[in-house]
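Student: Quick note: the sequence shown uses numbering that gives the first Met the number 0, first residue 0, plus one each step. Input: one structure, supplied below.
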Amino acid sequence: MKIIIAEPMLRRRGGHPFDHAIRLAREFSRRGHTVETHAYRNLEDDVARDFAAEGLSLHRTFACHPFIKVDGPAGKPQWQYHVEDVRAVLPSLADADFIYWQSLTPEQAYALALDPPQMRGAGMIDGHFARADLDGAKIMATALAMLRGKRHQLAFGVFDVEVAKACREVIGDTPMGFLPDPIDVVPDTNPPRTVLRRLGFFGHQRPERGGDILLALAANLLKKGYEVVLQNSSQIINPGFQHPNLILEGFVPDVAAAMQGCDALVWPSNPQRYRRRGSGIVPIAIACGLPVVMPRDCVPGRVLARSGAGVLYDRNEMGAILQSVDLLAQNFAAINAAARTKALAWSQMHTCAALADALLAPSLPPLPHS
């Protein structure tokens with residue numbers, strides 16, 4: 000079978016566009032399928048080298064990246080360039096038996112609604128609709144409504160029921176199946192830690208992820224005597240920010256293994272930016288059995304709340320975050336034990352093999368509700 004992984008967001012190493020695409024391509028290839036990953040045309044050379052090193056086929060296909068502005072005539076909405084780009088690419092993908100839109104954007108969905116492909120396919124809806132000058136929720140809702148009235152073999156899924164709930168007004172009557180996160184974490188079998196010492200900040204640090212308070216927050220935690228691991232692959236942290244108990248990480252090929260060197264994670268993101276969408280880091284933390292300190296009022300917060308594996312705060316400000324870390328430290332043994340218990344089921348549910356099985360099944364599996 001020829002399988003295409005379509006990921007216009009794939010531009011650099013790190014982040015879910017890279018991590019998920021290379022893992023899934025590896026899994027499908029291991030099963031004997033012909034696999035092509037179609038990425039952003041101007042991707043970084045390191046990405047191409049990593050795919051080539053594993054003998055995986057990578058194509059520089061899409062001219063538009065969802066988060067990079069296209070230069071063009073004044074007044075033309077940016078999203079229209081992306082729709083045109085996808086429509087232009089679709090004929091070159093038509094010989095595939097199956098196509099997976101790994102991070103289905105509103106523009107991609109709209110292009111597919113205008114020109115529904117006749118091969119089987121699936122799209123992961125992560126709820127990330129809001130971008131500059133784009134009413135993404137409206138475009139996604141329109142696209143899905145158009146597809147409901149046309150013949151096609153596309154299925155749509157989410158990684159967690161909380162995304163489906165948060166996006167219900169956008170999804171409408173479109174059925175949503177379960178698409179596991181391709182996390183592939185080996186749970187820690189050592190005795191659970193009982194004292195909170197090392198806190199980690201992982202992922203692509205940026206303003207919506209708390210980048211505006213990150214340095215001050217890390218400095219306060221260091222003053223309290225904690226060790227801090229801070230992933231700086233986005234280069235948002237000045238290398239001059241140093242402390243004996245601070246570890247700065249760049250790109251890490253296995254982020255789960257790096258996270259497991261910590262006792263807990265802090266995820267100080269803006270909850271408004273995650274009111275419909277999921278997180279790449281929080282599901283990995285759950286699979287690792289790591290407690291997380293994070294905001295309550297967002298999709299990742301509701302996912303975490305089901306497990307009791309962390310401390311959730313209501314005010315997205317420095318004082319509330321530091322108080323939540325103190326609360327975690329006071330109850331660390333119990334919260335860590337809950338996190339380890341949840342990790343067993345979560346890490347078995349969310350694997351690359353499970354995602355491949357779901358995609359190639361006659362229909363997507365139903366969403367689990369816990």
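Ideal Cβ positions, reconstructed from N, Cα and C, are used throughout, including at glycine.
Expressed to the nearest angstrom, what Euclidean distance is found between the alpha-carbon atoms of SER306 and ASN244?
Tutor: On the sequence shown, residue 306 is found 307 positions in, with the first residue counted as 1. On the sequence shown, residue 244 is found 245 positions in, with the first residue counted as 1. So the two alpha carbons sit approximately 30 Å from each other.
Student: Can you round the beta-carbon distance between GLU26 and CYS351 to whole angstroms, since I take them to be within the 8 Å contact cut?
Tutor: Residue numbering aside, residue 26 sits at position 27 when the sequence shown is read from its first letter. Residue numbering aside, residue 351 sits at position 352 when the sequence shown is read from its first letter. Contact flag correct, Cβ pair sits at about 5 Å.
Student: Looking at GLN152 and ILE370, is the spacing between their C-beta atoms short of 7 Å?
Tutor: The requested residue 370 does not occur in the structure, where the chain is confined to residues 0 to 369.
Student: Within 10 Å of its beta-carbon, does ILE285 have 16 or more other beta-carbons around it, so buried, or fewer, so exposed?
Tutor: Position 286 of the sequence shown holds residue 285. The residue is buried, with at least 16 neighbouring Cβ atoms inside 10 Å.
Student: With three or more beta-carbon pairs closer than 8 Å as the criterion, would you say the region 308 to 315 touches the region 290 to 297?
Tutor: Output reads yes: the region 290 to 297 touches the region 308 to 315.
Student: Excluding the five sequence neighbours on either side, which residues of its own chain have a C-beta within less than 6 Å of the C-beta of GLU106, listed in chain order?
Tutor: Position 107 of the sequence shown, counted from the first residue, corresponds to residue 106. Contacts found: TRP78, HIS81, VAL82.
Student: Roughly how many whole angstroms lie between the Cα atoms of LEU358 and ALA263?
Tutor: Position 359 of the sequence shown, counted from the start, is the residue given in the question as residue 358. Position 264 of the sequence shown, counted from the start, is the residue given in the question as residue 263. Distance between the alpha carbons of LEU358 and ALA263: 32 Å.
Student: For the beta strand (DSSP E) containing PRO294, name the first residue and the last one.
Tutor: The sequence position of residue 294 within the sequence shown is 295, counting from 1. Unbroken beta strand (DSSP E) run through PRO294: 291 to 294.
Student: Quick check: what's the CA-CA separation for VAL298 versus GLU53?
Tutor: The residue labelled residue 298 in the question sits at position 299 within the sequence shown. The residue labelled residue 53 in the question sits at position 54 within the sequence shown. In a straight line, the C-alpha of VAL298 is about 35 Å away from that of GLU53.
Student: Does the beta-carbon distance from LEU366 to PHE177 come in below 7 Å?
Tutor: In the sequence shown, the residue the question calls residue 366 occupies position 367. In the sequence shown, the residue the question calls residue 177 occupies position 178. Yes.
Student: ILE320: which of ASP253, LEU216, THR141, LEU343 sits nearest, CA to CA?
Tutor: Within the sequence shown, the letter at position 321 stands for residue 320. Ranking ASP253, LEU216, THR141, LEU343 by Cα distance to ILE320 puts LEU216 first.
Student: Assuming ASP183 contacts ARG22 (C-beta within less than 8 Å), just tell me the rounded distance between them.
Tutor: As a first step, residue 183 must be located in the sequence shown, where it is residue number 184. As a first step, residue 22 must be located in the sequence shown, where it is residue number 23. Contact holds; Cβ gap of about 7 Å.
Student: Quick check on DSSP: helix, strand or coil for VAL251?
Tutor: In the sequence shown, the residue the question calls residue 251 occupies position 252. Coil, per DSSP.
Student: For the beta strand (DSSP E) containing ILE4, name the first residue and the last one.
Tutor: The sequence position of residue 4 within the sequence shown is 5, counting from 1. It spans 1 to 6 - the beta strand (DSSP E) in which ILE4 sits, taken as one unbroken run.
Student: If distances are taken between C-alpha atoms only, which option among SER278, SER56, PRO186, ILE212 comes closest to GLU316?
Tutor: On the sequence shown, position 317 is the one that residue 316 refers to. Per the Cα distances, ILE212.
Student: When the Cα of PRO179 is compared with those of ASP187, VAL169, PHE155, ARG192, which residue comes out closest?
Tutor: Mapped onto the sequence shown, residue 179 falls at position 180. Ranking the options by Cα distance to PRO179, first place goes to PHE155.
Student: Measure how close the beta-carbons of LYS1 and ASP94 come, nearest whole angstrom, since I'm counting them as under 8 Å.
Tutor: Against the sequence shown, residue 1 aligns to sequence position 2. Against the sequence shown, residue 94 aligns to sequence position 95. Indeed they touch by this definition, with Cβ atoms about 7 Å apart.
Student: Using only CA atoms, which one of ALA165, ALA355, THR193 lies nearest to ARG275?
Tutor: Here the question's residue 275 lines up with position 276 in the sequence shown. The candidate whose alpha carbon is nearest that of ARG275 is ALA165.
Student: Check whether the Cβ atoms of ALA62 and ASP84 lie closer than 7 Å to each other.
Tutor: Along the sequence shown, one-based indexing puts residue 62 at 63. Along the sequence shown, one-based indexing puts residue 84 at 85. In this structure, ASP84 lies closer than 7 Å to ALA62 by Cβ.
Student: Near PHE331, which residues of its chain fall below 6 Å by C-beta distance, leaving aside the five closest residues on each side in sequence?
Tutor: Position 332 of the sequence shown, counting from 1, holds the residue named residue 331. For PHE331, where only same-chain residues beyond five positions count, the Cβ hits under 6 Å are LEU195.
Student: Check whether the Cβ atoms of LEU247 and TYR225 lie closer than 7 Å to each other.
Tutor: Taking the first residue of the sequence shown as position 1, residue 247 is located at position 248. Taking the first residue of the sequence shown as position 1, residue 225 is located at position 226. Not closer than 7 Å, so no.
Student: Who are the Cβ neighbours of ASN41 in its own chain at under 8 Å, not counting the five residues just before and after it?
Tutor: By 1-based counting over the sequence shown, the position of residue 41 is 42. Answer for ASN41: ARG10, ARG59, HIS64, listed in chain order.
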